[in-house]
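S.K.: The structure follows.
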Amino acid sequence: MGSITILESINRALVDAMEADEAVLILGEDVADPEDGGVLGVTKGLSTRFGDHRVRSTPIAEQAIVGAAIGVSLGGFKPVAEIMLMNFTTVAMDMIVNHAAKLRFMSGGQTNVPIVIRTMTGSGFANGGQHSDYLEAWFAHTAGIKVVAPSNPSDAYGLLRSAIDDPDPVIFIENLPTYFTKGEAPESGHRVPIGKASVVREGSDVTVIAYAKMVQEAAAAVEALASRGISAELIDLRSIAPWDRETVLASVKKTGRAIVVHEAVTPFGAGAEISSVIHENLFHALKAPVQRLGAAFCPVPFSRPLESAFAPDAAAIEAAVGRLLT
Amino acid sequence: MTNRTAPDAATLVAIYRRMALIKANDERSRKVIMTGRLVMPYYSPRGQEVIPSAVSANLNDNDYICTIYRGTHDMLAKGVPLKDLWAELAGRVTGTCKGKGGPMHITHPKSGVMVTTGIVGSSMPIANGLAWSSQLKGDGRVTVAYFGDGASNIGAFHEALNLASVWKLPVVFVCQNNEWGEHTAYEKATSAPRVADRAASYSMPGIRVDGNDVLETYAAARDAVERARSGAGPTLVEAMTYRFHGHIFGDTDAYMDPERKAAAIAADPVPRFREWLIEQGHAAEADLAAMEAAIDAEIDQAIDYALASDFPDVGELSRDVFAAEAA
Ligand SMILES: Cc1ncc(C[n+]2csc(CCOP(=O)(O)OP(=O)(O)O)c2C)c(N)n1
Ligand SMILES: [Mg+2]
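Line order of the protein sequences matches chains D and A.
Under the numbering used here, the residue at position 177 of the first sequence is numbered 177, and the numbers go up by one with no gaps.
Just add 1000 to the spot in the second sequence (first one is 1) and you have the numbering used here.
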């Protein structure tokens, strides 16, 4: 069992998917090898191995990228489009929301759009207000789009393979600061079903629900809580849309307390939806109101102390759980 | 009319048939709305019949088109069956899209109509992708993206033309310049005196034609389609035309110069081409009259069929959102 980074596992998933199915294509800015296989090398080696026609660097034109992905998928291919940073999806929103998400429904099921949009984001690298946002709620709020956000190499591989298999558009969110986090290497062909959470650690006092980098922060918090005699159950949601109600509700039914942690700002975030569903289903089983913990409601700041205070970290999660139990 | 390498009589008559169908269908659409038999947003293509009729004469059944809300002419010219179209306009389960798309979102892959968008400019980036799929497969298909003059001012147009040129995609961009974008005149909104000039920025041929002239439009479309099919890349065709009615049904079009409009209507390309066909001996009046009568009957049948069809079940709300019903 080797050790692999999230970045490497994404690369490996792309290689395996392209190897397994000739219909899989990659497009995006700088993705081909003459352009270095991506600014961080996520797609390194792919154009050399599979050819320029299957791995194509594009102009800096996000509408054109997503539009081409949609069109080529209507022609029978399975494109993986890279939108370098999640904030850049904003200039392709028409293609994503009005077209990718809706063509299956509006065509009465005659056409479908089996595309994956890989995009990275996350605060912590001093990239400021336009390069680090978590916008998953925007997409989760749109009927017709699936959204996933892995927290470790094995899930990154398995979710990406499932996203490529999926007959509908999937937004695959990568976290920049944890690209080099190592973990267990996935087996080739491994799949993580979309919509299935994983229970990272079992516990009985409180359920902590997180995804993406917040899983790593929450894991540290849960560890610290354990040393204080608090037994917290940690759920890695992995898929945000659809999300695994069954696993979450079963856990909260057992613990009677829940907190949802995400890096996106709190108001109108995924945490609001999850909290609401828990209240609707388990009101009488709850020992305390469900809590939400997200980033400060402001653009991602630049200055180091501001950025450090912006998103939740292990200490903030530990403190919030402590408050929930008192 | 110009007489450059004219198509044969059968092709010319087939083009006329499409034009007559579009004109009759438009007149019937307006009547059906006016008499309250059907409520729908309707963007009349009247006056623009020649463009898709002449373009489609150069396309195969399996070539793709992406069109826009003002697109019934493009759809009919590409071969969407009247019954399926009308049932969709009426929101019935027998429609192309089970009534779930409506007038602005007709999809009919069997006739190559892959996307109809209600978003200005958005036919073009998706047309590129379809063309890319043909390039990858080497299936020889061509994709046509239809759009209006107003759409040449939106980012999607520029992004799409640039990509199509860099990738040498088998796509033809057909701008139907009807002098208006909603209530705003072309000159007031467009920096280029001709949309076709914009092709120069993208190193592709840009051709402006009289889009009400069948032979000229046919010839330009033929060149562009051949160029795309041969792998030489995209072309921008700007076809000049005029919108006979307001932007959408119910628009009083007070902003349109009545004299200019009257002149355009007086030069109606449909009867003009009909006369020419007869004059040139390509068709006999009686045959065209019979063709028109058959079209009228077919439209009536389609409307009756549509209005007699069932509405979709409300269960459709949760169908086709995803491949399987959402959990
Ligand atoms: C992105 C976007 N902005 C605005 C509109 C509203 N709108 C619908 S049609 C139209 C005019 C478009 O003009 P043109 O491209 O010339 O096409 P035409 O309607 O003349 O065929 C506008 C502004 C829209 N549908 N999409
Ligand atoms: Mg116009």
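Beta carbons: idealized from backbone N, C-alpha and C, even for Gly.
So, does the CB of A/A1326 fall closer than 8 Å to a CB anywhere in chain D?
M.R.: Any reading at A/A1326 needs caution, since the residue's pLDDT is 44, under 50, leaving its predicted position unreliable; the model's value is listed next. Taking Cβ atoms only, chain D reaches closer than 8 Å to A/A1326, which makes this a yes.
S.K.: Mapping the DSSP letters down to three states, classify A/D1210 as helix, strand or coil.
M.R.: In the structure shown, A/D1210 sits in a strand (DSSP, three-state: E or B).
S.K.: Which residues in the same chain have their Cβ closer than 7 Å to the Cβ of A/R1222, if we skip the five residues on either side of it in sequence?
M.R.: N1058.
S.K.: Could you tell me whether any non-hydrogen atom of ligand 2 is closer than 7 Å to the CB of A/G1150?
M.R.: Yes, the Cβ of A/G1150 comes within 7 Å of a heavy atom of ligand 2.
S.K.: When DSSP builds the beta bridges, which residues end up paired with D/I209?
M.R.: DSSP output for D/I209 lists D/I235, D/V260 as bridge partner(s).
S.K.: In chain A, what lies closer than 7 Å to D/P167 by C-beta?
M.R.: Correct list: A1323.
S.K.: Where does the unbroken alpha helix (DSSP H) through A/P1125 begin, and where does it stop?
M.R.: First-last of the alpha helix (DSSP H) with A/P1125: 1123-1137.
S.K.: At a threshold of 7 Å, does A/W1180 count as lining ligand 2 (C-beta to nearest heavy atom)?
M.R.: True, at least one ligand heavy atom lies under 7 Å from that Cβ.
S.K.: On the criterion of 16 or more Cβ atoms from any shown chain inside 10 Å, does A/S1122 qualify as buried, or is it exposed?
M.R.: So A/S1122 counts as buried.
S.K.: For a cutoff of 8 Å on Cβ pairs, would you count A/W1086 as touching chain D?
M.R.: No, because no Cβ of chain D sits closer than 8 Å to the Cβ of A/W1086.
S.K.: Is D/S3 near D/K182, with beta carbons less than 8 Å apart?
M.R.: Contact: yes.
S.K.: Between which two residues does the alpha helix (DSSP H) carrying A/Q1301 extend?
M.R.: Here the alpha helix (DSSP H) through A/Q1301 covers 1285-1308.
S.K.: To the nearest angstrom, how far is the alpha carbon of A/S1201 from that of A/V1195?
M.R.: Roughly 11 Å between the two C-alpha positions.
S.K.: Is there at least one non-hydrogen atom of ligand 1 closer than 7 Å to the beta-carbon of A/Q1176?
M.R.: Because some heavy atom of ligand 1 lies under 7 Å away, the Cβ of A/Q1176 counts as near it: yes.
S.K.: Considering only the beta carbon of each residue, do D/V290 and D/H279 sit closer than 8 Å?
M.R.: For D/V290 and D/H279, yes; Cβs fall inside 8 Å.
S.K.: For D/E307, which residues in the same chain have their Cβ closer than 8 Å to its Cβ, ignoring the five residues on either side in sequence?
M.R.: So the qualifying residues of the chain are S123, G124, A126, V300, P301.
S.K.: Can you find a C-beta in chain A that's less than 8 Å from the C-beta of D/N87?
M.R.: No, D/N87 lies away from the interface with chain A (no Cβ there is under 8 Å from its Cβ).
S.K.: Please decide whether D/F105 counts as near chain A, where near means a Cβ-Cβ distance under 8 Å.
M.R.: Chain A, which has a Cβ nearer than 8 Å to the Cβ of D/F105, makes this yes.
S.K.: Span of the beta strand (DSSP E) holding A/A1239?
M.R.: First-last of the beta strand (DSSP E) with A/A1239: 1235-1240.
S.K.: Spell out whether any CB of chain D is found under 8 Å from the CB atom of A/C1097.
M.R.: For A/C1097, the answer is yes, since a Cβ of chain D falls inside 8 Å of its Cβ.
S.K.: Return the chain-ordered list of same chain residues with a C-beta closer than 7 Å to the C-beta of A/K1098, the five sequence neighbours on each side being excluded.
M.R.: Answer for A/K1098: P1312, E1316, listed in chain order.
S.K.: In angstroms, rounded to a whole number, what distance separates the CA positions of D/K202 and D/G229?
M.R.: Note that residue 202 of chain D is Glu in the sequence shown here, rather than Lys. Cα to Cα, D/E202 sits roughly 14 Å from D/G229.
S.K.: Between the beta-carbon of A/I1126 and the beta-carbon of D/G67, is there less than 8 Å?
M.R.: Contact flag set, yes.
S.K.: Please classify A/M1001 as buried or exposed, where buried requires at least 16 other C-beta atoms within 10 Å of its C-beta.
M.R.: Note on A/M1001: pLDDT 44, under 50, position unreliable in the model; the coordinate value appears next. Its Cβ having fewer than 16 others within 10 Å, A/M1001 is exposed.
S.K.: Could you tell me which chain D residues have their CB closer than 7 Å to the CB of A/W1132, listed as they occur along the chain?
M.R.: Simply A68, G71, V72.
S.K.: With 7 Å as the C-beta to C-beta threshold (strictly closer), list the residues of the region 1137-1166 of chain A near chain D in chain order.
M.R.: Within the region 1137-1166 of chain A, the qualifying residues are G1155, A1156, E1159, A1160, N1162, L1163, V1166.
S.K.: Between which two residues does the alpha helix (DSSP H) containing A/L1338 stretch?
M.R.: No answer is possible for residue 1338 of chain A: the residues shown for chain A start at 1001 and end at 1327.
S.K.: Measure from the C-beta of D/F139 to each C-beta in chain A and report whether the shortest distance is under 8 Å.
M.R.: Not one chain A Cβ lies under 8 Å of D/F139.
S.K.: For chain A, find out if any of its Cβ atoms is closer than 8 Å to the Cβ of D/W77; answer yes or no.
M.R.: In the sequence under discussion, the amino acid at residue 77 of chain D is Phe, which differs from the Trp named in the question. So, interface residue.
S.K.: Measuring only between beta-carbons, confirm whether D/M1 sits less than 8 Å from chain A.
M.R.: Note that D/M1 has pLDDT 43, beneath the 50 cutoff, so the model's placement of it is unreliable and no number is given.
S.K.: For A/M1256, which three-state DSSP category applies?
M.R.: Three-state result, A/M1256: coil.
S.K.: How many angstroms separate the CA atom of A/F1147 from the CA atom of A/P1103?
M.R.: Each residue's alpha carbon lies about 16 Å from the other.
S.K.: Run through chain D and tell me which residues come within less than 9 Å of A/I1265, C-beta to C-beta.
M.R.: Within chain D, no residue comes near A/I1265; the closest Cβ sits about 34 Å away, beyond 9 Å.
S.K.: Hey, would you say D/A218 sits closer than 8 Å to D/I70, going by beta carbons?
M.R.: No, they are not a contact pair.
S.K.: Alpha carbons only, please: which of D/M84, D/L14, D/R292 is nearest the one belonging to D/L40?
M.R.: The shortest Cα separation from D/L40 among D/M84, D/L14, D/R292 belongs to D/M84.
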